[in-house]
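To start, the structure under review is shown below, and the notes come after it.
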DNA sequence: TCTAATCCGTTAGCATGCTAACGATAAGAG
DNA sequence: CTCTTATCGTTAGCATGCTAACGGATTAGA
């Protein structure tokens, strides 16, 4: 993770970068990704893990619907599914009922891997929230969900 | 912004993707960036605007120090400063006291632009926080700062 | 039914954001 | 003063994440 070094300073117009919601969200997201990468194995990235978990929840999904469910646009879904395919964690077949669609599902290896990595996912979430007291964690998640 | 479409569903192991802090931070950050892009002009990105504001606060900064102050690693600082240079918003000169360093400062155009865009920055922050009541906004920012 | 609108996946292009490696320079230890 | 260590900026390589454009398939509506 990058160490930030400033004390907030500004030019007297009341715009302190360090207090802006966008900047704080960017930094919090960076920190969460950094913790994820420290704990997660198999070289999985946050979007890749999210996609695996969601495919497991669906059983079978089209590529675009998967993307919508994890907030990835079609172009990004494309890249993520390609990499998961290359790692043999998912399978892909044409939808016989709609020739535009590609249906995704976990491969046996993917199935096994997700099961094994869920505890790491929980550990990552806990560590990311660690600076807050349990009561604060609940408040924060509730407010964050309203803003997401 | 991407429309998310799922009702949370899971495989009974208590890991609901939609409740995870990392996933929520990623989505909130996406939403904030989307609002930024709608309101900001000149094709400026969030990191570019952050860099401009921070250079203004410093007056003159080395490239790496600028990066640390806005949480960008040196490789990313490199790209952002290149693009700001290409837009003639900043100036760059060698540090006579340390030949490793490059000193950055706003160009006259950059100076004028930052002054003009600060109100948009404030508007972006307000709109991003809009889903929360004023009291919740304060709580949220305080907790977010602890996690960032 | 035929046509217009929509949806699906793909690609190209660009901007973060990271790691790893590098040469050049500066600072510190002995 | 020399040798080691740290810092600065740069580059290459990879993974998100976006827009814009596209060709093909499906759906909706006139």
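Chains as they are written, first to last, in my numbering: chain A, 158 to 305; chain B, 158 to 305. C-beta atoms are modelled at their ideal positions from N, C-alpha and C, and glycine is treated no differently. From a predicted model like this one, the values you see are computed outputs, not experimental measurements.
- Boundaries around residue 280 of chain B are those of the alpha helix (DSSP H), 265–286, since no beta strand (DSSP E) includes it.
- Under the three-state reduction of DSSP output, residue 248 of chain B falls in the strand class.
- A direct Cα-Cα distance of roughly 46 Å separates residue 232 of chain A from residue 253 of chain B.
- The secondary-structure analysis by DSSP pairs residue 218 of chain B across a beta bridge with B/261.
- Contact between the region 181–192 of chain B and the region 291–301 of chain A is present: 3 or more CB-CB pairs across the two stretches fall below 8 Å.
- Ranking B/195, B/282, B/210 by CA distance to the CA of residue 269 of chain B puts B/210 first.
- Straight-line measurement puts the Cα of residue 188 of chain B at about 32 Å from the Cα of residue 256 of chain A.
- For residue 204 of chain B, the number of other beta carbons within 10 angstroms of its own is at least 16, and it is reported as buried.
- Interface annotation for the region 213–224 of chain B against chain A: 213, 214, 215, 222, 224, criterion Cβ-Cβ distance under 9 Å.
- Within a 10 Å sphere around the beta-carbon of residue 292 of chain A sit fewer than 16 other beta-carbons, which makes this residue exposed.
- Looking from the CA of residue 208 of chain A, the closest CA among B/276, B/295, B/173, B/277 belongs to B/173.
- Measuring C-alpha to C-alpha distances from residue 193 of chain A to each of A/237, A/245, A/287, A/278 identifies A/278 as the nearest.
- In this structure, the beta-carbon distance from residue 281 of chain A to residue 247 of chain A does not fall below 8 Å.
- By the neighbour-count criterion, in which a residue is buried when 16 or more other Cβ atoms sit within 10 angstroms of its Cβ, residue 224 of chain A is buried.
- DSSP places residue 231 of chain A within a helical segment (H, G or I) once states are collapsed to three.
- By the CB criterion at 8 Å, residue 238 of chain B and residue 220 of chain B fall inside the cutoff.
- In the structure shown, residue 188 of chain B falls within a helical segment according to DSSP collapsed to helix, strand and coil.
- For residue 285 of chain B, a Cβ of chain A is located within less than 8 Å of the residue's own Cβ.
- Interface annotation for the region 259–282 of chain A against chain B: 275, 278, 279, 281, 282, criterion Cβ-Cβ distance under 7 Å.
- Rounded to whole angstroms, the separation of the alpha carbons of residue 215 of chain A and residue 241 of chain A is 16 Å.
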